[in-house]
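**Q** So the protein sequences, as listed, match chains A and B.
No gaps in the numbering here: position 147 of the first sequence is 147 in the working numbering, and each next residue is one more.
No gaps in the numbering here: position 9 of the second sequence is 387 in the working numbering, and each next residue is one more.
Just so it is clear, CB atoms sit at the ideal spot from N, CA and C, and this is done for glycine as well.
Please read these numbers as outputs of a predicted model, since none were measured by experiment.
Sending over a structure as structure tokens; questions will come in a sec.
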Amino acid sequence: MVTLLSPIRLWAVVAKEFIQLRRDRLTFAMIIGIPLIQLALFGFAINSDPKELPMAVRSAESSAYTRSIIQAIVNTRYFNVTEITDSEQTANEILARGAAQFVINIPADFTRRLLRGERPSLLLEADATDPAATSNALAAIKQIPNTALAHDLNGPLASLQSAGAPFSIDIHRRYNPEGVTQYNIVPGLMGVILTMTMIMMTSLAITREHERGTMENLLAMPVQPLEVMVGKITPYILIGYIQVLVILAAALWVFHVPMLGSALLLMLGVLLFILANLTVGITISSVARNQAQAMQMSFFFFMPSILLSGFMFPFRGMPQWAQVIGEALPLTHFLRFIRGLLLKGNEWMAAWEHLWPLLAFTAVMMAIGLRRYRRTLD
Amino acid sequence: MRMNNREEIIKVKDMSKSFGGKVAVDKVSLSVYKGDIFGFLGPNGSGKTTTIRLLCGLLTPDEGEGRCLGYDIIKEARHIKRQVGYMTQRFSFYEDLSVRENLEFVARMYHLQERRKAVDEALDNLGMKSRQTQLAGELSGGWKQRLALTACMLHKPKLLLLDEPTSGVDPEARRDFWEEIHRLADEGVTVLVSTHYMDEAERCNRLAYIAYGHLVGEGSPQSLIADSGLATWRIESADIHQVAEKLKRINAVEQVAPFGTRLFVSGTDAQQLEQDLSAFAEQEGVNPERTQPRLEDVFIQLMRSSEEKRW
């Protein structure tokens with residue numbers, strides 16, 4: 001008779017699995033590490049109700065009333081005044097660069113018209129590329145006209161607010177007036193997909209040679225580390241571009257994402273981003289001992305990239321420490337670049353601000369990779 | 379002797395290497411001369427592969443020094459790599475590249491002039507012109523080995539390091555392989571080859587035996603046999619197993635090796651062994667004949683004496 005389940009053989013398999021698991025330290029570390037990291041990221045870092053968003057004030061005039069209004073806006077805790085200017089051009093630039101999420105415009109004769117009971121309006125421009133990041137703040141500001149001047153308009157002026165709000169705030173959602181989520185997600189997806197495929201494919205490149213035994217032969221030949229590393233990542237640049245074209249075509253014709261910036265600049269930015277990811281992959285590859293480890297390390301890099309880059313959750317909603325980690329990731333800068341280019345029509349100067357971090361990242365990663373590249377089998 | 383005025387291709391002194399506290403190679407000193415076919419013998423895990431890897435710069439020695447082709451093995455490994463052909467124990471060319479693509483890759487690695495011509499010639503010599511588009515992974519063991527040898531000869535190295543090149547290869551392919559090695563040695567290429575096989579050891583003009591990371595014997599096959607101090611007798615019998623069991627009980631008998639219907643009986647105390655054997659012969663009705671010790675017996679003797687030294 002054939003035993004369907006022999007307890008002894010079953011135990012043999014279970015015991016063997018435990019032994020192997022214990023010896024595979026990286027897997028073991030992941031079993032403990034992943035829940036901890038996930039808890040930290042989801043529990044503390046991610047906040048879909050971002051507060052204290054940077055706001056620039058463009059004021060053509062300043063009075064006790066406008067100061068009260070600004071103060072009331074800040075008091076909602078959704079806004080934080082980071083810059084005050086009187087130039088429209090500067091204000092536009094700040095918004096285009098993404099240095100501020102909002103610009104509030106105070107027109108020249110605001111106070112005069114307020115006091116004459118003309119119910120003037122303020123213009124609030126919002127960077128709506130990421131609708132999720134601004135929606136709560138925009139909801140909070142709707143109450144401002146009713147309450148902001150309650151203490152200032154007293155005595156004979158009290159009549160100004162007896163019949164409704166003494167002024168109004170017009171909201172202008174720049175770059176994505178209809179608040180289409182896809183406009184934000186689809187360009188971001190390009191970055192996410194590139195991160196995933198580029199890192200995974202190259203992370204296997206050197207470990208595969210080690211595992212198949214071909215590394216021994218390669219090392220015995222007069223080939224330099226830089227030749228191996230650059231040679232291995234070059235084909236993937238082409239693969240990366242193919243992916244970009246597919247995603248871009250879908251973005252433009254299926255999701256109707258606008259493309260306001262230059263195609264040449266887009267291709268350059270994409271190149272820098274692909275390079276940044278490929279150097280991560282090749283560095284993982286020169287550190288990892290086998291292909292399974294390389295995959296685990298890729299995943300370790302990929303997870304924070306998705307969660308802390310501003311792809312899934314508003315970047316400005318995260319606490320300081322999470323933003324610091326986020327700033328170190330190439331995806332964060334690429335998202336800013338691609339959204340700025342497609343939706344805001346960023347030019348070279350504005351784009352450069354997001355591109356140099358990619359270059360710096362690539363240089364540092366390549367240096368680490370070359371240092372860790374094993375020239376011998378020691 | 380003519381050996382003394384020949385150019386030293388490999389000269390290492392007191393080279394040691396350990397991995398995680400375990401000593402793999404312990405103070406090995408070696409000299410290999412131009413045109414030698416230097417056989418490197420020893421049991422599994424004795425440090426043969428490690429020694430070869432140290433010689434071609436794939437590993438860095440913990441201690442000791444050495445020169446290979448006139449270059450320092452620690453500081454000038456890059457120069458050594460250009461002039462050495464190293465054939466790994468396991469097939470380590472790309473199985474997912476074709477025969478030709480593998481050769482072209484190697485040709486580019488060494489900056490060969492007239493790459494196409496060099497590869498064509500190699501394919502001709504290999505007799506694989508018609509199979510040049512076949513994937514290397516689909517080749518049989520013997521063909522893989524021939525491809526590997528051709529590939530590591532492509533840049534015309536002065537020194538060939540072959541790590542168990544004939545393991546898993548059929549006898550005919552092995553013979554062809556050794557013919558090729560001798561032809562290369564005639565052309566002035568120096569060959570260092572590690573092997574398990576005694577018949578291959580006999581084809582070398584110099585041998586070194588390594589056990590537990592120690593070099594325990596070195597010299598030509600003849601001098602190793604002469605210096606072993608072994609005396610060997612051959613006994614023919616229809617029932618060699620029973621005879622062997624009885625022989626092992628004699629003190630002076632140190633080794634009994636069955637070989638078909640013959641037994642090779644060896645010991646270091648020749649006089650005592652001769653006496654004991656003649657008594658045994660009368661008792662059992664067998665006829666021992668004095669013969670040359672075989673290399674195998676010599677190596678087992680070397681290994682045992684190194685074991686005794688260790689414990």
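What whole-angstrom Cβ distance do Phe311(A) and Gly191(A) have, given they're in contact under 8 Å?
**A** Against the first sequence, residue 311(A) aligns to sequence position 311. Against the first sequence, residue 191(A) aligns to sequence position 191. Confirmed, about 7 Å.
**Q** Per DSSP, what are the beta-bridge partners of Met55(A) in this structure?
**A** The residue labelled residue 55(A) in the question sits at position 55 within the first sequence. Answer is Val81(A), Phe102(A), bridged to Met55(A).
**Q** Which chain A residues sit within Cβ distance under 8 Å of Cys434(B)?
**A** On the second sequence, position 56 is the one that residue 434(B) refers to. Ala220, listed in chain order.
**Q** Return the residues of the segment 485-512 of chain B that lie within a Cβ-Cβ distance of less than 8 Å from chain A, sorted by chain order.
**A** Going along the segment 485-512 of chain B in chain order, one finds Met487, Tyr488 with a Cβ nearer than 8 Å to chain A.
**Q** Buried or exposed, going by whether 16 or more other CB atoms sit within 10 Å of the CB of Met681(B)?
**A** Taking the first residue of the second sequence as 1, we reach residue 681(B) at position 303. Buried, since its Cβ has 16 or more Cβ neighbours within 10 Å.
**Q** Could you tell me which of Asn75(A), Ala60(A), Asp127(A), Ala132(A) sits nearest to Asp109(A), measuring between CA atoms?
**A** If you number the first sequence from 1, residue 109(A) lands on position 109. Nearest option by C-alpha distance: Ala60(A).
**Q** Which of the three DSSP states, helix, strand or coil, is assigned to Arg584(B)?
**A** Sequence index remark: in the second sequence, residue 584(B) carries index 206 (1-based). If DSSP states are grouped into helix, strand and coil, Arg584(B) belongs with the strands.
**Q** So, at 7 Å on beta carbons, what are the nonlocal neighbours of Tyr464(B) in its own chain, with the 5 sequence-adjacent residues on each side left out?
**A** As a position in the second sequence, residue 464(B) is number 86, starting the count at 1. Cβ within range, chain order: Cys434, Cys530, Leu539.
**Q** To the nearest angstrom, how far is the alpha carbon of Glu347(A) from that of Asp49(A)?
**A** Stepping through the first sequence from its first residue, residue 347(A) is reached at position 347. Stepping through the first sequence from its first residue, residue 49(A) is reached at position 49. Straight-line Cα distance between these residues: approximately 30 Å.
**Q** Is the CB-CB distance between Pro666(B) and Leu673(B) below 8 Å?
**A** Here the question's residue 666(B) lines up with position 288 in the second sequence. Here the question's residue 673(B) lines up with position 295 in the second sequence. Not a contact, by the Cβ cut-off of 8 Å.
**Q** Please name the residue in Arg97(A), Leu343(A), Thr111(A) whose C-alpha comes closest to that of Leu252(A).
**A** Along the first sequence, one-based indexing puts residue 252(A) at 252. Taking only the C-alpha atoms, the option nearest Leu252(A) is Leu343(A).
**Q** Report the rounded CA-to-CA distance for Asn136(A) versus Tyr65(A), giving the unit in angstroms.
**A** Locating residue 136(A) in the first sequence gives position 136, where the first residue counts as 1. Locating residue 65(A) in the first sequence gives position 65, where the first residue counts as 1. Cα to Cα, the separation comes out at about 25 Å.
**Q** Please name the residue in Phe313(A), Pro166(A), Gln182(A) whose C-alpha comes closest to that of Val257(A).
**A** For the purposes of this step, residue 257(A) is identified with residue 257 of the first sequence, where counting begins at 1. Comparing Cα-Cα distances from Val257(A) to each of Phe313(A), Pro166(A), Gln182(A), the minimum goes to Gln182(A).
**Q** Are the beta-carbon atoms belonging to Leu419(B) and Thr428(B) less than 8 Å from one another?
**A** On the second sequence, position 41 is the one that residue 419(B) refers to. On the second sequence, position 50 is the one that residue 428(B) refers to. No. Outside cutoff.
**Q** Of all the residues that make up the segment 172-198 of chain A, which are near chain B by a beta-carbon distance shorter than 8 Å?
**A** Correct list: empty, as no residue qualifies.
**Q** Could you say if the segment 168-179 of chain A and the segment 234-244 of chain A meet the contact criterion of at least three C-beta pairs nearer than 8 Å?
**A** With the cut-off at 8 Å, the segment 168-179 of chain A and the segment 234-244 of chain A do not touch.
**Q** Helix, strand or coil for Lys16(A)? Go by DSSP, reduced to three states.
**A** Here residue 16(A) refers to the residue found at position 16 of the first sequence. Correct three-state label for Lys16(A): helix.
**Q** For Leu95(A), verify whether its CB is less than 7 Å away from any heavy atom of the ligand PLP.
**A** Ligands are entirely absent from the displayed structure, and the ligand PLP is therefore not among its contents.
**Q** Under 8 Å, do Asn146(A) and Ala163(A) count as touching if we go by C-beta distance?
**A** Sequence index remark: in the first sequence, residue 146(A) carries index 146 (1-based). Sequence index remark: in the first sequence, residue 163(A) carries index 163 (1-based). Cβ distance not < 8 Å, so Asn146(A) and Ala163(A) don't count as in contact.
**Q** Specify the secondary structure class of Arg672(B) as computed by DSSP and reduced to three states.
**A** Here the question's residue 672(B) lines up with position 294 in the second sequence. In this structure, Arg672(B) counts as coil in the three-state DSSP scheme.
**Q** Is there a C-beta anywhere in chain B that falls below 8 Å from the one on Asn290(A)?
**A** Taking the first sequence and counting its residues from 1, one reaches residue 290(A) at position 290. It does not: the Cβ of Asn290(A) has no partner Cβ on chain B nearer than 8 Å.
**Q** Output needed in chain order: residues of the segment 452-468 of chain B with a Cβ under 7 Å from some Cβ in chain A.
**A** Hits within the stretch, in order: Arg456, Lys459, Arg460, Tyr464, Thr466, Arg468.
**Q** May I ask which residues mark the beginning and end of the beta strand (DSSP E) holding Trp253(A)?
**A** On the first sequence, residue 253(A) is found 253 positions in, with the first residue counted as 1. Element bounds for Trp253(A): n/a, residue is neither H nor E.
**Q** Would Val384(B) pass as an interface residue toward chain A - the criterion being a Cβ-Cβ separation below 8 Å?
**A** Along the second sequence, read from residue 1 onward, the residue named residue 384(B) stands at position 6. Reading the sequence as shown, one finds Arg at residue 384(B) and not Val. It does not: the Cβ of Arg384(B) has no partner Cβ on chain A nearer than 8 Å.
**Q** Would Leu504(B) and Thr466(B) qualify as a contact pair, given that the criterion is a beta-carbon distance under 8 Å?
**A** Counting from one through the second sequence, the residue named residue 504(B) turns up at place 126. Counting from one through the second sequence, the residue named residue 466(B) turns up at place 88. Not closer than 8 Å, so no.
**Q** Report the start-end ranges of each alpha helix (DSSP H) in the segment 281-350 of chain A that is 4 residues or longer and not cut off at the edges.
**A** DSSP runs (the alpha helix (DSSP H)) wholly in the segment 281-350 of chain A: 291-308, 320-327, 330-344.
**Q** At a CB distance below 7 Å, what residues from the segment 585-603 of chain B approach chain A? Give them in sequence order.
**A** Under the 7 Å Cβ criterion, the segment 585-603 of chain B contributes no residue.
**Q** Which first and last residues belong to the alpha helix (DSSP H) in which Gly379(A) is found?
**A** The first residue shown for chain A is 1 and the last is 378, placing residue 379(A) beyond what the model contains.
**Q** Can you give me the Cβ contacts of Asn583(B) inside the same chain, cut-off strictly under 7 Å, excluding the 5 residues immediately before and after it?
**A** The residue you call residue 583(B) lines up with position 205 of the second sequence. Only Asp414, Ile415, Ser598 meet the Cβ criterion.
**Q** Below 8 Å, can you find three or more Cβ-Cβ pairs linking the segment 257-277 of chain A to the segment 194-203 of chain A?
**A** The answer is yes - the segment 194-203 of chain A touches the segment 257-277 of chain A, with three or more Cβ pairs under 8 Å.
**Q** Have a look at Met221(A), Thr283(A), Thr214(A) and flag the residue whose alpha-carbon is nearest the alpha-carbon of Thr362(A).
**A** Your numbering for residue 362(A) matches position 362 in the first sequence. For the residues Met221(A), Thr283(A), Thr214(A), the minimum Cα distance to Thr362(A) belongs to Thr283(A).
**Q** Note down, in chain order, every chain B residue with its Cβ under 8 Å from the Cβ of Asn217(A).
**A** As a first step, residue 217(A) must be located in the first sequence, where it is residue number 217. In chain order: Tyr464, Thr466, Ser470, Phe471.
**Q** So which residues on chain B does Thr234(A) lean against when the C-beta distance must stay under 8 Å?
**A** By one-based count along the first sequence, residue 234(A) stands at place 234. Under the 8 Å cutoff, chain B gives no residues; its nearest Cβ is about 15 Å from Thr234(A).
**Q** For the segment 274-287 of chain A, list every residue whose C-beta sits within 9 Å of some C-beta in chain B, in sequence order.
**A** Those residues of the segment 274-287 of chain A that come within reach of chain B (Cβ to Cβ, closer than 9 Å) do not exist; the list is empty.
**Q** When DSSP builds the beta bridges, which residues end up paired with Lys405(B)?
**A** Reading the second sequence from its first residue, position 27 is the one you call residue 405(B). In DSSP, Lys405(B) forms no bridge with anything.
**Q** For the segment 201-216 of chain A, which residues have a beta carbon sitting closer than 7 Å to at least one beta carbon of chain B?
**A** Taking 7 Å as the Cβ-Cβ cut-off against chain B, the residues of the segment 201-216 of chain A that qualify are Gly213, Thr214, Glu216.
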